[in-house]
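> One structure, pasted below without further comment.
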Amino acid sequence: MNKLDVVRTEKFVENEIAYFHQRRLDYIANKINLSKILKQKNPYLFRAKNILTAQELLQGFLDAFLQSQEETIFGDFMESLAIFVCNEVYGGEKSTLTGLDLEFEKDNNIYIVEIKAGWNWGNSSQIKQLKINFLAAEKLLKKKYAKKIIAVNGCCFGIDNKPVKNGYLKLCGQRFWELISGDENLYIDIIKPIGYRAKQKNEEFLQAYANIVNRLTLEFAKNFCNSDGSINWEKLVKYNSAKNYTK
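For the sequence shown, the numbering used here gives the first residue as 900, with consecutive numbering after it.
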């Protein structure tokens, strides 16, 4: 076990969080179009909320769309941070086994880890697949190591006060970061570098966001608004859900 180098860790976080912001900005600037948003979001929900203006509707669609994308991008960042930390302290490595993210040795045990951003993830089918992945990995690793194999679902934030599950441990928030670093305070210490240049980066993002809202609103108004300016909900729902949609 090595002591975690705080300076190296902060530098890693600053570099990776800058990459997160750049991916976020690139996504909104280059990968969003009206068709993608309208096809993937639920028009009935927004009708039920009595949305009246094209801009309000587009912002609602866009915000819902971006939230899922940001969670994916930030989840990638948190996974890379966890692997970096574990590598620094325990020599952990990114796993090449199906469905797993991290492998490391600690206290003469081999840990295999699937990393998730938050604690409240997965339906029953996904949990079942998690267990299958763990069992397959344990079977392979027992041929390689004469040591105990411990399977862990590591969640970067949240609380689960019943960590012992059927065949694996679910360690969330502080418990997870302490496992991979040996430091019970790391989950707090990483907050500061994550905020590196956040104000500046969010100002850049908000400008790009305003631009895309304006562009999409104009395009939407041309194609899905009536001559009096009201939203043509029937046309919108057909575009979203009709089996043979034609303009």
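Ideal Cβ placement from N, Cα and C applies to all residues, glycine included.
Only a predicted model underlies this, so the values are computations on that prediction, with no experimental measurement involved.
By the DSSP assignment, the beta strand (DSSP E) with residue 1071 in it spans what residues?
1068 to 1071
> Grab me the residues of residue 1057's own chain with a C-beta within less than 8 angstroms of its C-beta, minus the 5 sequence neighbours each way, in chain order.
1017, 1018, 1019, 1071 and 1072
> Which same chain residues, not among the five before or five after residue 923, have their C-beta less than 7 angstroms away from its C-beta?
969, 972 and 1104
> Work out the CA separation of residue 931 and residue 1107 for me, nearest whole Å.
The alpha-carbon atoms of residue 1107 and residue 931 are separated by roughly 11 angstroms.
> Could you pull out every residue in the same chain whose Cβ sits closer than 6 angstroms to the Cβ of residue 982, ignoring the five residues on either side in sequence?
993 and 1001
> Among the candidates 1069, 1061 and 1008, whose CA atom is the shortest distance from the CA of residue 1041?
1008
> Alpha carbon to alpha carbon, how far is residue 963 from residue 988?
Each residue's alpha carbon lies about 38 angstroms from the other.
> Roughly how many whole angstroms lie between the Cα atoms of residue 928 and residue 1114?
For the pair residue 928 and residue 1114, the Cα-to-Cα distance works out to about 11 angstroms.
> Buried or exposed: where does residue 1052 fall if 16 or more other Cβ atoms within 10 Å of its Cβ makes it buried?
For residue 1052, the number of other beta carbons within 10 angstroms of its own is at least 16, and it is reported as buried.
> Which whole runs of the alpha helix (DSSP H) in the segment 974 to 1058 are 4 residues long or more, in chain order?
1023 to 1043
> Secondary structure at residue 1087, three-state DSSP: helix, strand or coil?
helix
> Counting only the same chain and skipping the five closest in sequence on each side, list residues whose C-beta sits under 7 angstroms from that of residue 1094.
Excluding sequence neighbours, residue 1094 sits near nothing in its chain.
> Where do the N-terminal and C-terminal ends of the alpha helix (DSSP H) with residue 931 fall, by residue?
Premise fails: residue 931 is in no alpha helix (DSSP H) and is neither H nor E.
> Just the Cα atoms here: how many angstroms apart are residue 936 and residue 1136?
13 angstroms
> Based on Cα-Cα distance, which residue from 984, 1083, 1006 and 996 lies nearest to residue 904?
984
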